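For the record, in the sequence shown the residue sitting at position 159 is 226 according to the numbering used here, with numbers rising by one throughout.
We put the beta carbon where it would ideally sit given N, CA and C, even for glycine.
Since the structure is predicted, the reported quantities are computational estimates derived from the model, not experimental observations.
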Amino acid sequence: MTEKSPVTTESTGEFHSGFVAIIGRPNSGKSTLLNSILGEQLAIVSPMPQTTQKNMRGIYNEENLQIVFVDTPGIHKGKHQLNHEMYNVSTSMLKDSGVDLVIYIVDMSRDFGDEEDDIATKVERSVHPIIILFNKVDQMTLPEALEKQDLFKKRYPELAEKPQLMLSAINETSGEVFINFLRTFIPVGPQFYPADDLTDASLRFFAAEYIRKEIIANTHEEVPHACYVEIMSYTEGEDVHQITADIHVESTGQKAILIGNKGATISKIRKGAEWKMRGLSGVKCKIELFVKVTKHWRDKKGFLKEAGFAE
C-alpha cells in the first residue's frame, strides 16, 4: 500500500477513518462483501476461483466516518509464479503499516484444510487487530453454522477470542450489518479521500477488469486464468473514450478459443466490456482488442513486475 495522505482533517465532529484489508481463501466472498458495503458492483465477481488478481480500494463514507477497504486476491499457493506473487500481495496486508484492521473471511460452505491452516497461522501472527467474518451462512441452518464456528475455534484456538460476525455477503442487508458491527473498531483519524469517492482506481484499471470479466463469462477452464489484459492506450474524448488493449495468453490454442469462430467470442467480450465501461464513464466507449501469445507469462518475473503483480 502507498503511504496515507489525508485530504483534510477538518470536521464538525470527531472523525473516524481507517484502512481495512479483506483477506481469505479464493471465492470466500471478499469482493461480494465489498460490493454489498458500497452498494455498487465495483469489484468483479464470478464463480471462478481467484477472480481478484490485484488489490483494489473501495471507499465507504458517512458524515464523520471513512473506511478504505482493500480487496485482495484469494490466498492460494498455486503452481505459477503469478500465484506466488498474488499470495505475497495478500499476506503482506497482515504486516503492512498502512493497514489499521484486517477482516479475515472464512467460507463456511467449505471444510477447513491445509489452505485454511496456512491462512489462519499467518493471521495469528498479524501485527494488526483482526475481525473474523464467517460468510455464506445462507448455505446451512443456524445450528450447522454454530457448529462450524465452534470447529473453527477449536482448530484455531489463537483466533477463538477475536471479534466475530456471521453473515451472508450476498444478502442485500449484509453491508449495513457489517458496517454497524465494524464502526466501533475504526480509530479517530482524518479524511483521506473526498466524500463522494467510491475508489481510487483509474478508468484504465476498470477497463482491464471489465475486459477480464467478459473473458471469464465467455470462456472456461484454464483460459481465463491464462489471460492478462494490458491496457495499451486510453484516450478520454468529450463524447467517446477510445481504449486499446492487448490480451496475453500462453498458447495458440488459448488464442483460438478467445477469438472464437469467425471472431464471435472476442466480439462478445469487446461489446460486453464497452457496455460496462459506458455505464462507468457515462460516455460511449470504443474498445480495440488484440490477442497475443506470450508463452509462460505467468512464470516470468520480469513480465509480472511490469504488469504490476510483483513489487
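Backbone secondary structure at residue i - three-state DSSP
{"i": "Ala284", "result": "helix"}
{"i": "Tyr154", "result": "helix"}
{"i": "Arg177", "result": "coil"}
{"i": "Leu168", "result": "strand"}
{"i": "Leu226", "result": "helix"}
{"i": "Phe272", "result": "helix"}
{"i": "Phe136", "result": "strand"}
{"i": "Phe376", "result": "coil"}
Residue i CB to nearest heavy atom of the ligand MN below 7 Å
{"i": "Asp263", "result": "In the structure shown, the ligand MN is absent, as is every other ligand, since no ligand is present at all."}
Own chain residues within Cβ distance below 8 Å of residue i, not counting five before or after
{"i": "Thr75", "result": "The predicted model places Thr75 with a pLDDT of 49, which falls under 50 and marks its position as unreliable; any figure quoted below should be read in that light. Pro257 and Gln258, listed in sequence order."}
Nearest residue (CA-CA) to residue i, options the options
{"i": "Phe273", "options": "Gly80, Thr158, Phe252 and Ala312", "result": "Ala312"}
{"i": "Lys162", "options": "Leu109, Ile90 and Ser103", "result": "Ile90"}
{"i": "Val194", "options": "Asp178, Ile310, Asp138 and Val169", "result": "Val169"}
{"i": "Leu101", "options": "Trp342, Ile246 and Glu297", "result": "Ile246"}
{"i": "Asn202", "options": "Ile172, Met344 and Leu209", "result": "Ile172"}
Residue i - containing beta strand (DSSP E), residue span
{"i": "Gly369", "result": "Per DSSP, Gly369 belongs to no beta strand (DSSP E); it is in the alpha helix (DSSP H), Lys368 to Glu373."}
{"i": "Ile198", "result": "Ile197 to Asn202"}
{"i": "Thr302", "result": "Tyr295 to Glu303"}
{"i": "Lys146", "result": "Here Lys146 belongs to no beta strand (DSSP E), and DSSP marks it neither H nor E."}
{"i": "Thr311", "result": "Val307 to Val316"}
{"i": "Val290", "result": "Neither: Val290 is in no beta strand (DSSP E) and is coded neither H nor E."}
Start and end residues, alpha helix (DSSP H) containing residue i
{"i": "Ser241", "result": "Ser241 to Leu249"}
{"i": "Asn102", "result": "Lys97 to Leu105"}
{"i": "Ser348", "result": "Ala331 to Ser348"}
{"i": "Leu325", "result": "Thr319 to Ile326"}
Own chain partners of residue i with C-beta closer than 7 Å, once the 5 adjacent residues on each side are dropped
{"i": "Glu225", "result": "Glu191"}
Same chain, Cβ closer than 6 Å to residue i, five either side skipped, listed in chain order
{"i": "Tyr260", "result": "Ile126"}
{"i": "Lys15", "result": "Residue 15 cannot be examined here, being either before or after the span of the chain that is shown, 68 to 378."}
{"i": "Asn238", "result": "none"}
{"i": "Phe248", "result": "Leu232"}
Beta-carbon separation (whole angstroms), residue i vs residue j, contact threshold 8 Å
{"i": "Val350", "j": "Gln321", "result": "So it is not a contact: roughly 32 Å between Cβ atoms."}
{"i": "Ser103", "j": "Thr118", "result": "The pair is not a contact, with the Cβ atoms about 16 Å apart (cut-off 8 Å)."}
{"i": "Tyr295", "j": "His308", "result": "That belief does not hold up - the Cβ atoms of Tyr295 and His308 are roughly 21 Å apart, past 8 Å."}
{"i": "Leu371", "j": "Gln148", "result": "6 Å"}
Short CB-CB distance (under 8 Å) between residue i and chain C
{"i": "Phe273", "result": "Given the protein chain composition of this structure (a single chain), no chain C is represented."}
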